[in-house]
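Undergrad: Chains as they are written, first to last, in our numbering: chain A, 33 to 221; chain B, 31 to 387.
Submitted below is the structure of interest, expressed as structure tokens.
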């Protein structure tokens, strides 16, 4: 595996540059297409990070508004569009934390009861283990949590996470290790 | 060490998630880290995305509507900026052709006005433009050309005086202005080339000679009340002509008639030997010629037009006049005054000039 390999789940849409150009010109169809394509990923990220459905909805709406307003400054040669959206979402989440003066929480009960589909495999086949994992994830640091969410939940690669968080790939790998070590320690307890 | 372990962990997680390796096969690749990697890989494979429900339809629709509304606002703002931009940013650029055209029109109009004003007389609407045009011409002219321009403008003033006199307007001020122009020409003549100096001085002499009769006639026809002042102005003008004649005779003897051969008065044994055919043009005038006055001890003229650094010139004794005293050997002649001239300084003495020989 090469270092900095791209995301395993992020799909690079070939028509995205054209859609972005049309969106900059105010094309409703292009804006709607970009929104429909990425809204759930951003919503889920915000939900994982904030643990509140309404806050996640508000942050998601704000992310797309801010993205639209600064779309002319987006350089598609830099990062994938969705990664750019994640970066905006990352800043919005931090801003949300700053305003509410509280760390992100992952309301496992809410997620398991209202947001998780009951039929598919959830976070794990063992719901209990899943709940224990979510509890542990709430106790790690915000940066460790973000790396784990972006990598294991959202499927971003190390370079993309580094761009979202404004860190180096090495720092992302270190955060990943420390986050997993913390989870292992917490789950062992 | 930590970085290597972080890399090993990252590779193992990646391969296990992709199904390329199991946890055991990954640990076999890094036996040195096996004990540390195992719990982390076991946790890592458990942290997987759950099938989260998508954004609810209501908030999704509202957020999209809000987004499209914002897009319309941005488009409208952008259009207004684009509409305003040509008026603001490159306004100077867009106005440049108009400005150039305006300058050209003004220049052409100015040129036309200046041309049209050439024949204007004092009191005419265009006369100020004529005078302003002269001032601009003088200001822009090369120093060597200014003396001749002053002579031309002196002629214009006299033309204007003559034209106005026909109407019964005896504007003595125009004659004074003509005299001043000649004085300016004399003071600046040293900046011209030798041939230019000669031409200018000849122009002044010829103008003074040619105008003398006509101007005297006009003055005679002027009202008695104005006649005295007018005659005085004409005298000053005539003095300028004589001044030019003196300079011309002393600096360009060959150009002003018979050549004079003389010995510098400054020389202890100075003698003046006029040519047998010599006909001096430097006749006594009400104003002493500055070139004819030697400063005691300096052996140089008291006033020398700029550019005319001359060798002491010989005294020319006109026929019928007493030959000036010569200084006895061993003495310096402190002062030599031409016949008919006094010792008073010239009223309009050009500053000293150094003639390029």
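Using N, Cα and C, we set each Cβ at its ideal position, and we do this for glycine too.
Remember, predicted model here, so these are calculated numbers, not experimental data.
Kindly say whether residue 220(A), judged by its beta-carbon, lies nearer than 9 Å to any beta-carbon of chain B.
TA: Counting from one through the first chain, the residue named residue 220(A) turns up at place 188. With 9 Å as the cut-off, residue 220(A) counts as an interface residue toward chain B.
Undergrad: For residue 231(B), count neighbouring C-beta atoms within 10 Å of its own C-beta (all shown protein chains included) and say buried if the count is 16 or more, exposed if not.
TA: To locate residue 231(B), count along the second chain from 1; it is residue 201. With 16 or more Cβ atoms within 10 Å of its Cβ, residue 231(B) is classed as buried.
Undergrad: For chain B, is any of its Cβ atoms less than 9 Å away from the one on residue 186(A)?
TA: By 1-based counting over the first chain, the position of residue 186(A) is 154. For residue 186(A), the answer is yes, since a Cβ of chain B falls inside 9 Å of its Cβ.
Undergrad: Pick from 60(B), 259(B), 273(B): whose alpha carbon is nearest that of residue 212(B)?
TA: Locating residue 212(B) in the second chain gives position 182, counting from the first residue. Looking at the Cα atoms, 273(B) is the closest of the given residues.
Undergrad: Using a beta-carbon distance cut-off of less than 8 Å, what residues from the stretch 55 to 79 of chain B approach chain A?
TA: 69, 70, 72, 73, 74, 76, 77, 78, 79
Undergrad: Residues of chain A with CB under 9 Å from residue 84(B), in chain order?
TA: By one-based count along the second chain, residue 84(B) stands at place 54. Those are 71, 72, 75, 76, listed as they occur along chain A.
Undergrad: In whole angstroms, give me the CA-to-CA distance for residue 137(B) and residue 154(B).
TA: Residue numbering aside, residue 137(B) sits at position 107 when the second chain is read from its first letter. Residue numbering aside, residue 154(B) sits at position 124 when the second chain is read from its first letter. Answer to the nearest angstrom: the Cα atoms are 22 Å apart.
Undergrad: Can you say whether residue 135(B) is buried or exposed, counting buried as having 16 or more other CB atoms within 10 angstroms of its CB?
TA: Along the second chain, read from residue 1 onward, the residue named residue 135(B) stands at position 105. With fewer than 16 Cβ atoms within 10 Å of its Cβ, residue 135(B) is classed as exposed.
Undergrad: Once the 5 residues before and after residue 103(A) are set aside, which same chain residues still bring their CB inside 7 Å of it?
TA: Locating residue 103(A) in the first chain gives position 71, counting from the first residue. Excluding positions up to five away in sequence, the list reads 52, 55, 56.
Undergrad: Would you give the residue range spanned by the alpha helix (DSSP H) that residue 246(B) belongs to?
TA: By 1-based counting over the second chain, the position of residue 246(B) is 216. Here the alpha helix (DSSP H) through residue 246(B) covers 224 to 251.
Undergrad: If I'm right that residue 97(B) touches residue 97(A) with Cβ under 8 Å, what's the distance once you round it to whole angstroms?
TA: Counted from its first residue, the second chain places residue 97(B) at position 67. Counted from its first residue, the first chain places residue 97(A) at position 65. At roughly 6 Å, the Cβ-Cβ gap stays under 8 Å, so residue 97(B) and residue 97(A) are in contact.
Undergrad: Within its chain, find whatever has a CB closer than 8 Å to the CB of residue 212(A); leave out the 5 residues flanking it on each side and keep chain order.
TA: What you label residue 212(A) is simply residue 180 of the first chain in a count that begins at 1. Once the five neighbours on either side are set aside, the close Cβ partners of residue 212(A) are 180.
Undergrad: Assess contact between the stretch 113 to 132 of chain A and the stretch 202 to 220 of chain A, defined as three or more Cβ pairs (one per stretch) separated by less than 8 Å. Is contact present?
TA: No, the stretch 113 to 132 of chain A is not in contact with the stretch 202 to 220 of chain A.
Undergrad: If we ignore side chains and look at the alpha-carbon of each, how far apart do residue 168(A) and residue 59(A) end up?
TA: In the first chain, counting from the first residue as 1, residue 168(A) sits at position 136. In the first chain, counting from the first residue as 1, residue 59(A) sits at position 27. Approximately 44 Å between the Cα atoms of the pair.
Undergrad: Indicate the three-state DSSP secondary structure (helix, strand or coil) for residue 206(A) in the structure shown.
TA: Taking the first residue of the first chain as position 1, residue 206(A) is located at position 174. Three-state DSSP puts residue 206(A) in a helix.
Undergrad: Can you give the Cα-Cα distance for residue 78(B) and residue 185(A), rounded to whole angstroms?
TA: On the second chain, residue 78(B) is found 48 positions in, with the first residue counted as 1. On the first chain, residue 185(A) is found 153 positions in, with the first residue counted as 1. Roughly 6 Å between the two C-alpha positions.
Undergrad: Going by DSSP in three states, residue 260(B) sits in which element: helix, strand or coil?
TA: For the purposes of this step, residue 260(B) is taken as the residue at position 230 of the second chain. Helix.
Undergrad: Note down, in chain order, each residue of its chain lying with its Cβ closer than 7 Å to the Cβ of residue 223(B), except the 5 sequence neighbours on either side.
TA: As a first step, residue 223(B) must be located in the second chain, where it is residue number 193. Around residue 223(B): 174.
Undergrad: Does the beta-carbon distance from residue 37(B) to residue 45(B) come in below 9 Å?
TA: As a first step, residue 37(B) is located in the second chain; it is residue number 7 there, counting from the start. As a first step, residue 45(B) is located in the second chain; it is residue number 15 there, counting from the start. No, they are not a contact pair.
Undergrad: Quick one: is residue 48(A) near chain B, going by C-beta distance under 9 Å?
TA: Reading the first chain from its first residue, position 16 is the one you call residue 48(A). So, not an interface residue.
Undergrad: Look up residue 106(B) in the DSSP assignment and say whether it is helix, strand or coil.
TA: As a working note, residue 106(B) is residue 76 in the second chain. The answer is helix: DSSP assigns residue 106(B) an H, G or I state.
Undergrad: Can you name the residues of chain A whose CB is closer than 8 Å to the CB of residue 36(B)?
TA: Residue mapping note: residue 36(B) aligns to position 6 of the second chain, counting from 1. Per Cβ cutoff of 8 Å: 202, 205, 206, 208, 209.
Undergrad: Is residue 139(B) close to chain A? Criterion is C-beta to C-beta, closer than 9 Å.
TA: Position 109 of the second chain, counted from the first residue, corresponds to residue 139(B). No, no contact with chain A.
Undergrad: Okay, do the stretch 202 to 209 of chain B and the stretch 184 to 193 of chain B touch, 3+ Cβ pairs below 8 Å being the bar?
TA: yes
Undergrad: Quick check on residue 82(B): does DSSP put it in helix, strand or coil?
TA: As a first step, residue 82(B) must be located in the second chain, where it is residue number 52. DSSP places residue 82(B) in the strand class (E or B) of the three-state scheme.
Undergrad: Flag residue 32(B) as yes if its beta-carbon sits less than 9 Å from any beta-carbon of chain A, otherwise no.
TA: Numbered from its first residue, the second chain carries residue 32(B) at position 2. It does: the Cβ of residue 32(B) has a partner Cβ on chain A nearer than 9 Å.
Undergrad: Which of the three DSSP states, helix, strand or coil, is assigned to residue 175(B)?
TA: Within the second chain, the letter at position 145 stands for residue 175(B). Three-state result, residue 175(B): coil.
Undergrad: Could you please tell me which residues of the stretch 91 to 125 of chain A, in chain order, have their CB closer than 8 Å to any CB of chain B?
TA: The stretch 91 to 125 of chain A vs chain B, Cβ under 8 Å: 92, 93, 96, 97, 100, 101.
Undergrad: Among 244(B), 226(B), 242(B), 263(B), which one has its Cα closest to the Cα of residue 278(B)?
TA: Position 248 of the second chain, counting from 1, holds the residue named residue 278(B). The residue with the shortest Cα to Cα distance from residue 278(B) is 226(B).
Undergrad: Rank 130(B), 166(B), 53(B), 88(B) by C-alpha distance to the C-alpha of residue 141(B) and give the top, closest one.
TA: Taking the first residue of the second chain as 1, we reach residue 141(B) at position 111. Measuring from the Cα of residue 141(B), the nearest candidate turns out to be 166(B).
Undergrad: What residue range does the alpha helix (DSSP H) around residue 71(B) cover?
TA: To locate residue 71(B), count along the second chain from 1; it is residue 41. Under the DSSP assignment, residue 71(B) falls in the alpha helix (DSSP H) whose first and last residues are 64 to 76.
Undergrad: Output yes if chain B places a C-beta closer than 9 Å to the C-beta of residue 68(A); else output no.
TA: Position 36 of the first chain holds residue 68(A). Chain B contact via Cβ: present.
Undergrad: What's the call for residue 158(B), buried or exposed, on a 16-neighbour Cβ count within 10 Å?
TA: Numbered from its first residue, the second chain carries residue 158(B) at position 128. Its Cβ having fewer than 16 others within 10 Å, residue 158(B) is exposed.
Undergrad: Quick one: does residue 57(A) have its CB under 9 Å from some CB of chain C?
TA: In the structure shown, chain C cannot be found, because the protein chains are A and B.
Undergrad: Report yes or no: do the stretch 109 to 120 of chain A and the stretch 190 to 202 of chain A share at least 3 C-beta pairs separated by less than 8 Å?
TA: Taking 8 Å as the limit for Cβ pairs, the verdict is that the stretch 190 to 202 of chain A does touch the stretch 109 to 120 of chain A.
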